[in-house]
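Residue numbers (the working numbering), protein chains in the order written: chain R, 29 to 416; chain H, 51 to 309.
Where a beta carbon is used, it is the ideal one built from N, C-alpha and C, also for glycine.
Just below is one structure, and these are the notes that go with it.
Structure (structure tokens):
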């Protein structure tokens, strides 16, 4: 069954990026279905990062590949128009998912018969103020729970469209991105939200990760390998630091319940590591992880072309439909887990969820004609066509 | 009693006699059937409560409770059935000769920031030995920044320590477990942040979430699935159970200080 999937995989690009992106999309589905036991196995339980960081970085990487080449061929205006079109698609997808979410909350609340002890959980602002809620949702100022990644992605792409002329000058691009990041963190630059002070993901902070992805995609791999070479001692140190963070995080979260008390200053510091503004500790974790993975998993690793990796590679290559499907499917998963969180239901939700995501990837690849293109071994290895 | 560890803890707590209190003040070990709501061991691991310990030794225990709807009413039949009132009754019964006073603040829809203001205003007057702060529900439901919630806790805890030193113990209580809540709000980050806030401010976390989830898992108590006509009765039972475990948690904390 996996062989036909493998035949749909587009050759000629860095399959590591697609594989990890596919994995991140699956993790996003898992993390969006609370009560899912697999949720305790994802990155966020052991590191200052989760699938969102990987998704944003790799979205930047894919955008750098696809639009960078287009920029060289067709110029800024045409490329910016394409990016803007992509934004429009994402916006429509977001509004669709918003409607689905609202329907799901309404359904759950009705099924629950408005239990008195939940009266504080005004999770459905449509009940209070439907017209305002609709307007705020259209303005992206109202983002319900679990619907905050797409608005971030939309704004990141819009900012990227404006920054396109700088793509050929990576140092200037990085400089602007870092300046914006600093402004977001220290001057409080943020986008306003309805009923809370600002967006959950601050695009002015998160754009740095996206731009780093763009710059990495545009850089010559040989130059990158020379600039950031493998160093065994450094790698051991990095792994030790990541392990120490994993231990410290779990000590703070779960230690006290078992009688192990972390030092107060450590817990106080962990409390300051925010996700909203992409805390430097989170940024550093992603960059260290990228360096480790880039060296430990070679681009030509046979595993990546194996049929077991194919479903994830395919999902990563068809990331937009798979991402939207994963959010929509997570609604169903949440309804199912709300009804029962027994082992049978957990297994069903996870298996059906993954199968459906792969199916969406397969259909998207086939529909866009990728599968009908014969894989030609003469294609140059290295950055090929890519879709952000 | 389904959980042997909890049974052991309860037995320990029942046999407790803080020093400085005449033997006659402590009750003999009598387990009442209504109290049997076994708690998982990890929900019960209390650290020493020096403020409460000293207060009990002096014969007067003042407890300040701040929280939102699930503390003020929680769908119970009357205020007397809510967990803070039940806690007062149980502690008074168990600590004979100690005057136990519980005062409740907050209310429906109040946030951690509201609570912090209440604490800043009322704590100097009340001079509580124990502050039980129930929070997180409103933040998680409205998607308010989790970091601001823990900032509020840490600042309030720092102020308490500055004015009261070791005289006031702080216990944080997290949200009620609910499948609906878990499915429709991103609750996990708030649970994590409450654990972090407790660890960062020298407070203890009393995990009502873990406790209620345990009772749902073993099919002992499930408020969400209670039929409409039984809902008040089940809410009363739930609050009685929470008060029971909390009583044992506090007595255990005193015992640990004694050791």
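Taking 8 angstroms as the CB-CB limit, is residue i close to chain R?
{"i": "residue 19(H)", "result": "Given a span of 51 to 309 for chain H in the structure shown, any question on residue 19(H) remains unanswerable."}
{"i": "residue 195(H)", "result": "yes"}
{"i": "residue 145(H)", "result": "no"}
{"i": "residue 249(H)", "result": "yes"}
{"i": "residue 302(H)", "result": "no"}
{"i": "residue 116(H)", "result": "no"}
Using a cut-off of 8 angstroms between C-beta atoms, extract the partners of residue i located in chain R.
{"i": "residue 98(H)", "result": "Within 8 angstroms Cβ-Cβ: nothing; residue 98(H) doesn't reach chain R, min ~11 angstroms."}
{"i": "residue 200(H)", "result": "299"}
{"i": "residue 242(H)", "result": "281"}
Could you spell out the range, first to last residue, of the beta strand (DSSP E) harbouring residue i?
{"i": "residue 154(H)", "result": "149 to 156"}
{"i": "residue 74(R)", "result": "Careful: residue 74(R) lies outside any beta strand (DSSP E) and carries neither H nor E."}
{"i": "residue 219(H)", "result": "219 to 223"}
Looking at the secondary structure, which residues open and close the alpha helix (DSSP H) in which residue i lies?
{"i": "residue 345(R)", "result": "338 to 345"}
{"i": "residue 177(R)", "result": "177 to 191"}
{"i": "residue 182(H)", "result": "Where residue 182(H) is concerned, there is no enclosing alpha helix (DSSP H), although the beta strand (DSSP E) it sits in stretches over 180 to 184."}
{"i": "residue 165(H)", "result": "162 to 176"}
{"i": "residue 200(H)", "result": "196 to 214"}
{"i": "residue 389(R)", "result": "371 to 395"}
{"i": "residue 276(R)", "result": "260 to 282"}
{"i": "residue 50(R)", "result": "43 to 59"}
{"i": "residue 289(R)", "result": "Segment: none, residue 289(R) is in no alpha helix (DSSP H) and carries neither H nor E."}
{"i": "residue 240(H)", "result": "238 to 250"}
{"i": "residue 170(R)", "result": "That residue, residue 170(R), is in no alpha helix (DSSP H); it is neither H nor E in DSSP."}
{"i": "residue 231(H)", "result": "229 to 234"}
Would residue i count as contacting chain H if we go by Cβ distances under 8 angstroms?
{"i": "residue 145(R)", "result": "Residue placement at residue 145(R) is flagged as unreliable, the pLDDT there being 42, under the threshold of 50; the coordinate-derived value follows with that caveat. Taking Cβ atoms only, chain H reaches closer than 8 angstroms to residue 145(R), which makes this a yes."}
{"i": "residue 50(R)", "result": "no"}
{"i": "residue 62(R)", "result": "yes"}
{"i": "residue 178(R)", "result": "no"}
{"i": "residue 133(R)", "result": "yes"}
{"i": "residue 229(R)", "result": "no"}
{"i": "residue 31(R)", "result": "no"}
For residue i, list the residues DSSP reports as bridge partners.
{"i": "residue 110(H)", "result": "149(H)"}
{"i": "residue 117(H)", "result": "156(H)"}
{"i": "residue 328(R)", "result": "Paired residue(s): none; residue 328(R) is not in a bridge."}
{"i": "residue 255(H)", "result": "222(H)"}
{"i": "residue 220(R)", "result": "226(R)"}
Please list, in chain order, the chain R residues whose beta carbon lies closer than 7 angstroms to that of residue i.
{"i": "residue 252(H)", "result": "292"}
Please compile the residues from chain H whose C-beta is within a distance smaller than 7 angstroms of the C-beta of residue i.
{"i": "residue 302(R)", "result": "197"}
{"i": "residue 296(R)", "result": "204 and 250"}
For a contact defined as C-beta to C-beta under 8 angstroms, what are the partners of residue i on chain H?
{"i": "residue 173(R)", "result": "193, 234, 235 and 236"}
Determine the chain R residues that contact residue i at a beta-carbon separation under 9 angstroms, and present them in chain order.
{"i": "residue 257(H)", "result": "285"}
{"i": "residue 283(H)", "result": "Within 9 angstroms Cβ-Cβ: nothing; residue 283(H) doesn't reach chain R, min ~13 angstroms."}
{"i": "residue 105(H)", "result": "Those within 9 angstroms of residue 105(H) in chain R number zero; the least Cβ separation is about 23 angstroms."}
Which chain H residues are close to residue i, counting only those with a beta carbon under 9 angstroms from its beta carbon?
{"i": "residue 362(R)", "result": "232, 233 and 234"}
Quick check: does the Cβ of residue i come within less than 7 angstroms of any heavy atom belonging to the ligand ATP?
{"i": "residue 210(H)", "result": "For the structure depicted, the ligand ATP is absent and the ligand set is empty, with no information on it obtainable."}
Report the residues of the segment 182 to 212 of chain R with a CB closer than 9 angstroms to any CB of chain H, ordered along the chain. none
To be precise: take each residue of the segment 253 to 286 of chain R, compare its Cβ to all Cβ atoms of chain H, and keep it if any distance is under 8 angstroms. Which residues remain? 280, 281, 282, 283, 284, 285 and 286
May I ask you to list, following chain order, the residues of the segment 168 to 187 of chain H that have a beta carbon less than 9 angstroms from some beta carbon of chain R? 187
Name the residues in the segment 203 to 214 of chain H whose C-beta lies less than 7 angstroms from a C-beta of chain R; which are they? 204
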